[in-house]
Structure formats: structure tokens, C-alpha cells
Amino acid sequence: MSDAARAKAFGYGGDYNPEQWAPEIWREDVELMKRAGVNLVSVGIFSWARIEPRDGEFDFAWLDDVLDLLHQGGIRVDLATATASPPPWLALKHPELLPVTADGVTLSSGSRQAYCPSSPVYRHYAARLVRAIVDRYAEHPALALWHVNNEYGCHVSRCYCDASATAFRSWLEQRYSTIEALNDAWGTAFWSQHYAAFDEILPPRAAPTFKNPTQLLDFDRFSSDELLACFRAEKEIIRSRSTVPITTNFMGFFKPADYWAWAREVDIVSDDSYPDPADPLSPVYGAMQRDLMRSLGGGKPWLLMEQSPGAVNWRERNAAKRPGQMRAWSYQSIARGADGIMFFQWRQAVAGAEKFHAGMVPHSGTDTRIFREVEQLGSELAALSEREGPLGAAVPASVAVVLDWDSWWAIEQEASPTAIDYLAGVFAWYRALFAAGATVDFVRPTDDLARYAVVVVPSLFVADDAQLAALAGYAADGGTLVVGYQSAILDKDLHVRTGGYLGALQQTLGIRIEEFAPPAAPDLAALGGGEPPRLRVRGDAIGGTGSASLWAEYVRADSAEVRVVFDGGVLHGFPAVTRRRSGSGEAWYVATLLDDDALLVLLDGIMTSAGVERGPRVPGVEVVRRGRHLIAINHTDEPVEIDLPGADLLTGAGASGRTLEAQGVAIVGGLP
Ligand code: GLA
Numbered sequence: 241m242s243d244a245a246r247a248k249a250f251g252y253g254g255d256y257n258p259e260q261w262a263p264e265i266w267r268e269d270v271e272l273m274k275r276a277g278v279n280l281v282s283v284g285i286f287s288w289a290r291i292e293p294r295d296g297e298f299d300f301a302w303l304d305d306v307l308d309l310l311h312q313g314g315i316r317v318d319l320a321t322a323t324a325s326p327p328p329w330l331a332l333k334h335p336e337l338l339p340v341t342a343d344g345v346t347l348s349s350g351s352r353q354a355y356c357p358s359s360p361v362y363r364h365y366a367a368r369l370v371r372a373i374v375d376r377y378a379e380h381p382a383l384a385l386w387h388v389n390n391e392y393g394c395h396v397s398r399c400y401c402d403a404s405a406t407a408f409r410s411w412l413e414q415r416y417s418t419i420e421a422l423n424d425a426w427g428t429a430f431w432s433q434h435y436a437a438f439d440e441i442l443p444p445r446a447a448p449t450f451k452n453p454t455q456l457l458d459f460d461r462f463s464s465d466e467l468l469a470c471f472r473a474e475k476e477i478i479r480s481r482s483t484v485p486i487t488t489n490f491m492g493f494f495k496p497a498d499y500w501a502w503a504r505e506v507d508i509v510s511d512d513s514y515p516d517p518a519d520p521l522s523p524v525y526g527a528m529q530r531d532l533m534r535s536l537g538g539g540k541p542w543l544l545m546e547q548s549p550g551a552v553n554w555r556e557r558n559a560a561k562r563p564g565q566m567r568a569w570s571y572q573s574i575a576r577g578a579d580g581i582m583f584f585q586w587r588q589a590v591a592g593a594e595k596f597h598a599g600m601v602p603h604s605g606t607d608t609r610i611f612r613e614v615e616q617l618g619s620e621l622a623a624l625s626e627r628e629g630p631l632g633a634a635v636p637a638s639v640a641v642v643l644d645w646d647s648w649w650a651i652e653q654e655a656s657p658t659a660i661d662y663l664a665g666v667f668a669w670y671r672a673l674f675a676a677g678a679t680v681d682f683v684r685p686t687d688d689l690a691r692y693a694v695v696v697v698p699s700l701f702v703a704d705d706a707q708l709a710a711l712a713g714y715a716a717d718g719g720t721l722v723v724g725y726q727s728a729i730l731d732k733d734l735h736v737r738t739g740g741y742l743g744a745l746q747q748t749l750g751i752r753i754e755e756f757a758p759p760a761a762p763d764l765a766a767l768g769g770g771e772p773p774r775l776r777v778r779g780d781a782i783g784g785t786g787s788a789s790l791w792a793e794y795v796r797a798d799s800a801e802v803r804v805v806f807d808g809g810v811l812h813g814f815p816a817v818t819r820r821r822s823g824s825g826e827a828w829y830v831a832t833l834l835d836d837d838a839l840l841v842l843l844d845g846i847m848t849s850a851g852v853e854r855g856p857r858v859p860g861v862e863v864v865r866r867g868r869h870l871i872a873i874n875h876t877d878e879p880v881e882i883d884l885p886g887a888d889l890l891t892g893a894g895a896s897g898r899t900l901e902a903q904g905v906a907i908v909g910g911l912p
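Following this line, the structure appears as C-alpha cells:
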């Protein structure tokens, strides 16, 4: 660990909304924060209407008091730019900044995030507010971090208004230069869609039937870029006056924003994470989300900006967290690279749409399970910050999974071979890797893949030649490449790669795809329900027999070994999994969605032969290495026995053969 990292402490705290409370409560808040070990709070996220109650009139007196009080209490501030929710006066004065849906419905104020990201009016007023806030607080001693806006795109990620149409046209002109190039890329010879000039182009508004696929994809790319442009504009204002780090909070696997592009722009990656406590798969999904955050930052420590201390209020049924679960999930973030644990929110609200969302200080006060768990975690993190622990350390991973937003956007478009949920596919691969004890980095095909023993490529539906060459080169140079179905079907303009799909990977994998044959139930079955169609598969690489679903195809194995075949039905005997030696590495192809057990056996075998090191495997227990520490988390509601190589930093309990209680955590150090 570097000296710089050692000097820090884990961040601990949450969103603090003092504008919802009287000043007497602020004083109590600071006392309670000290008691709970809070050292960092996010302030001002939804304060625009309070800071600028009328056009151009700024009231900072209350915020001065809040920041001073926090500073006196030793609590540092993640100060928001407050641009996430324009006040009602602004929408009344400039209704043209309100967002419009694809169906032409204008969304009103009275909720939050009611603005079009491309609106020059919104951007003008937001910039003025940010300048005022930065001028006022850039030198404030409590300031630790700038929090730009909040969850960009969480409610309004795409806007179809006239301002968006104008901005979309400029974006397209930048991308294509000429209208002929756009017509080629969009394939507008089809259905009489030819454009004579950029001025004729509209956002993909509601239309009689299937829209132009490349127009849809470009609108996705444009919309992510527009939100990012809003972030960048605020960042530039801050940077011109302050050297304090800048972040904006991500939302895990968030389809509307290509976080690879976003991550380059933030000084520290921060994330909001709300897995459902009632879902038994949540610990695995949570692990996947945390691995993404670490990967977005290139392995640097990241910040868990928001999680709930208990139940949320926005699901149909909102489960409370079980005793210990909040702590277990917090250590999961730390194990996977976080250097701070924060919550939405500090004090549970008594009014407004989030009054039933848990807070660190619940409605029922401090003599409560939630507050006791908040205090316990705060004191543990303070103690852990004092000693040689995981703080600041890197998380080693020798397996990578390719994640690609273009493919996510394109594969879920209408008029496809079959309806595919991209993230569900990624999660299926991740579940198997997690169950096999591997720590996973997410990557792009053109990243430095040579660092990984195994690279898995789930449904890279859209790929350019450079990406395919990078994957092929990785296998040729000794890597183990595992490619999933529906990869390299299209190029970046969504034109088909003809002659058996796959582009350069055809040679690497030694296969061609002749025809798609996804198992489909007749449409009439939908009226009567019934099981989704399943396929049977057979082969040693999956330990005998297994089942598969969702996808199948006629694969021709030209120079690959067939390791698993479809068993029965029209695909009987056709390849389901193939393997080919490629240079000094190898390349696998998986032509269907294998069931979890079969995928686990397959990947376990592949990782074993690729020499991937893995920790102890105990069902329900997650074990992750961070720096010289091993962190074990029992996600079950029963105690489990586990051998760990050292004494627990949290409890001091001795080495090996220990019991981890339900939702229990142990951290042992001293690994080589
Ligand atoms: C998001 C927002 C918060 C709050 C929480 C509730 O993460 O950023 O303002 O609405 O959701 O879960």
C-alpha cells in the first residue's frame, strides 16, 4: 500500500438533506454522525430551489451554516452542484427545457430531473448555478469531493424534443460528415428512408412500426454523449476554480449511459447500489456490480456513494435488510475495491416521496437495529483504517469479461432473431465464474487482455474489425478466449458480417454459423402459459449431460473440436460447444445458453487448465482477495465453517477452522 493511501481512512456517511429539517436538528445530526463514525456526507444534491429560490437570487446563508457545522464536527463534505432537479420557477419561465418522450408527451416539474439534457436553456441555468456554488465553496475547509448532478439519466435518459433533434443532427454531422455516409451507414435504401440533408433527420420518435436500427443505435450513443456533455460542462467550471476531486454517481449496469466513456471523465468512480434483499441472487449481482466499478476505474479504489441501510420504497414489495446484511454487503464492496461506504440517506425523511425509504437514522430513532448496525460498521471501519488493511489496495483478477454498450443497445432492439436480455446473459456467465471462485474484471476488447488467463466474451453482437483482431490476437498469443453466442454478428453500423458471421473470429474459433435456430414456443403458447422451451446438451466438457435455453444455431466446425453437442430435436448432433487451439492459446465457442450447472463445469475446467488461482469454495460464502488480505463473507442465514489462513482483523478470532456466523464477515491479512 502506498503512503498516500495509508494516510487516508475509509469514507463513511451518506446523503445529507438538511434543507428538509430545522436548524436545531442539524446540530443533533452532527452529534449523531460523530457517534456513528461518519466522516463524509453528500450535501446539496436536491437544493437548487433552496439555493436559488427565484431567478438569479442566491441564498447561501443556510448552506454556509451547514458546512461550517459539519466542519466543526470533523465531517468532510461531498458537495453537490445541485443541478439534478430544476426548480418550478425555471420550468414555468422556460417550458421548452422540459423533456419530451418518444410519444410526444412533455414531462412536467413536481417530481425531479425534469429537464432535457440537450436544452441550451437548462445548460445555461445549470452553469450559472454551478459557478455560484463553486465561487462560494471552492475554498471551504470541509470540501472533500465535488458531486456533479446526481444519477445522470436515471429518470430521463432520452429526450425527443426539438432541441434534442437539433443536437442529434449536429452529433450526426460530426460522426458522418456527409449525408451520403449517413445514408450508407443507416441503410436507408430500405423502406424509402433516404435523407437528402441532415435537417430532415429526427430523433426516433413513435412510428408506425420498426424504426431504422442504426438510427436507434446512434440515438443511444448520442443520448449517452449528451448526458456526458452536461457532466463535462459542470466539471470544466469546477476545474477552473478548484483542484478538489470530481465525481458523479453511477448506477451499476445502467444501460442508457456507456460508462466506459464516462469513467475516463471522473476523478473517482462512485456508485449507487440497491440489490433486492429478498432476491437470493443479490449477493452475486452485487459482486458483479462492484467488479464493474473497480474495472471502470482501471482498478483504482472507488466509492460506494449510495446503498440503503434497510428497505427502499420503490419496488412493488420492499424487503427490509436482514440483520447483518447491510454490513455483509458493505464489506463486499470493500473486498472488491471500495474505499468508502455511504448510504441514501442520513436521516429518514418524514415528508415527500421517499419518506418510506430507510435512513441511517430511522423514523424510530437511534434505539433501533438499523442505527446500531450503522454505528457498529462505522466503528469497525475507523479501526480498520488505522491498521494495515485492505484500504487503498488493489484487487487481483485473472479472468475478464467483455462488456460492450453498443452490443447491449443493439441486441435488445426490436426485429431481432429472438428477444435477448444482454445483461441477463452477462450475469449467467458471471454467476458461473463467481461460483467457481474467480474474481472478475470487466474489459473492452481493445484493453490490455494479456494480463488475463481467461477472457469471456458474452454476446458481443456488434464489433468492429479492430476489436475482433484484438480478441483473435489475445488467443493467438497464449490466452484462453471463450466466445458466447450472438457475437460479431454485425459491424458498428449494424451491417451483417456475411459468410458465416464472426468476422476474424471464424478462423480463431474454427467455426462458421450457418443458420440461427433459437428455441421458440409457438406464439399461441403464450395464451396458455407453459414452460419456456429447453434444449438438451451432452459432452464431457459439461460433465455429461445438461440443458440449455434461449439460443441455438447451426454451427459448422471447420477446424474446431466439438466438445458438447445438442442432444435430441432438430439440432441433434450439431455443435453446442467447440474448442480450437489458436497459436499458443485456445478459443472456445458456446452456441447456446447453458444451464448454470453446465456452465459452471465448463468454466471450472477451462479455468483449471488455464491455471486461474481461486480461493476456498464454501457454498454461500464469498471469498475475495484484496491486497494482502482475504475477505470472507457468509451470505447465508446459517453459520458456516471455513478455513482461513490467519486471525480475523475484525474480531481477533484465531486462524483456521473458524465459524462465520449468518451474514458474518472475516478479514485475514498477511497473504504473500
Ligand atoms: C437514487 C437517488 C437518491 C434516492 C435513492 C433511493 O439512488 O440518487 O436520491 O432517490 O435512489 O433509493
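Residue numbers are given in our numbering: position 64 of the sequence shown equals residue 304, and the series is strictly consecutive. The C-beta atom is built at its ideal place from N, Cα and C for all residues, glycine as well. Just so you know, these numbers come straight off a predicted model, no measurement behind them.
Flag S548 as yes when its Cβ comes closer than 7 angstroms to any non-hydrogen atom of ligand 1, and as no otherwise.
yes
Own chain, CB closer than 7 angstroms to G786, minus 5 neighbours either side, in chain order
V777, L834, D835, D837, A838
Per DSSP, what are the beta-bridge partners of E826 in this structure?
T720, R821
To the nearest angstrom, how far is it from the Cα of I882 to the Cα of L870?
12 angstroms
Could you work out which residue in N874, D877, R530, V552 is closest to W542 when comparing CA atoms only?
R530
Anticipated Cβ contact below 8 angstroms, A716 with S822, distance rounded
5 angstroms
Please find out if some non-hydrogen atom of ligand 1 comes closer than 7 angstroms to the beta-carbon of F490.
Flag unset: Cβ of F490 not near ligand 1.
Is E259 near ligand 1, with its Cβ less than 7 angstroms from a heavy atom?
It does not: the Cβ of E259 is nowhere closer than 7 angstroms to a heavy atom of ligand 1.
Short of 8 angstroms in beta carbon distance, which residues of its chain neighbour A436, apart from the five on each side in sequence? Order them along the chain.
Around A436: I419.
Burial state of W554 (16 or more Cβ within 10 Å):
exposed
Could you check the C-alpha separation between L621 and D579 for me, to the nearest Å?
10 angstroms
From C394, P293, H603, residue whose alpha carbon lies closest to that of Q585:
H603
Alpha helix (DSSP H) runs wholly inside the stretch 611-667, at least 4 long, in chain order:
Unbroken alpha helix (DSSP H) runs of no fewer than 4 residues, entirely contained in the stretch 611-667, are found at 645-651, following chain order.
Y377 (DSSP reduced to helix, strand or coil)
In the structure shown, Y377 sits in a helix (DSSP, three-state: H, G or I).
Within the present structure, is the beta-carbon of Y514 separated from the nearest heavy atom of ligand 1 by less than 7 angstroms?
yes
Own chain, CB closer than 7 angstroms to V858, minus 5 neighbours either side, in chain order
V880, I882
Throw me the rounded Cβ distance for the C399 and P328 pair, which I believe falls under 8 angstroms.
19 angstroms between Cβ atoms; not a contact.
Would you report the Cα separation of R504 and L775, rounded to the nearest angstrom?
42 angstroms
Among A331, A320, R409, which residue has its Cα nearest to the Cα of V374?
A320
Between R562 and A527, which are expected to be in contact by the criterion C-beta below 8 angstroms, what is the C-beta distance as a whole number of angstroms?
With a Cβ gap of about 18 angstroms, R562 and A527 do not count as contacting.
Tell me the residue span of the beta strand (DSSP E) that contains A797.
Boundaries of the beta strand (DSSP E) around A797: 793-797.
Answer yes or no: do D460 and T487 have a C-beta to C-beta separation smaller than 8 angstroms?
no
Nearest-angstrom Cα separation, counted from A367 out to G296:
12 angstroms
Delimiting residues of the beta strand (DSSP E) encompassing G813:
It is not in any beta strand (DSSP E) - G813 carries neither H nor E in the DSSP assignment.
Just how far apart, CA to CA, sit G894 and I846?
35 angstroms
Assuming S325 and F300 are in contact, meaning their beta carbons sit under 8 angstroms apart, how far apart are those beta carbons, in whole angstroms?
In fact, because the Cβ distance is near 18 angstroms, the residues do not count as touching under 8 angstroms.
At a threshold of 7 angstroms, does N558 count as lining ligand 3 (C-beta to nearest heavy atom)?
The model depicted lacks ligand 3 and carries ligand 1 instead.
Is there at least one non-hydrogen atom of ligand 1 closer than 7 angstroms to the beta-carbon of H597?
Yes, since a heavy atom of ligand 1 falls inside the 7 angstroms radius drawn around the Cβ of H597.
Give a yes or no on whether the C-beta atoms belonging to A672 and L840 are separated by under 8 angstroms.
yes
For the candidate residues S727, I477, S573, whose alpha-carbon lies nearest to that of V635?
S573
So A650 and L457 are supposed to be a Cβ contact under 8 angstroms. How far apart are they, rounded?
5 angstroms
Tell me the rounded alpha-carbon separation between P759 and S647.
22 angstroms
Please state if the CB of T428 and the CB of L734 are separated by a distance shorter than 8 angstroms.
no
Looking at C-beta atoms only, is the number of pairs between the stretch 792-806 and the stretch 735-754 that lie closer than 8 angstroms three or more?
yes
Measure how close the beta-carbons of L721 and A757 come, nearest whole angstrom, since I'm counting them as under 8 angstroms.
At roughly 24 angstroms, the Cβ-Cβ gap does not stay under 8 angstroms, so L721 and A757 are not in contact.
Report yes if the C-beta distance between A382 and L307 is below 8 angstroms; otherwise report no.
yes
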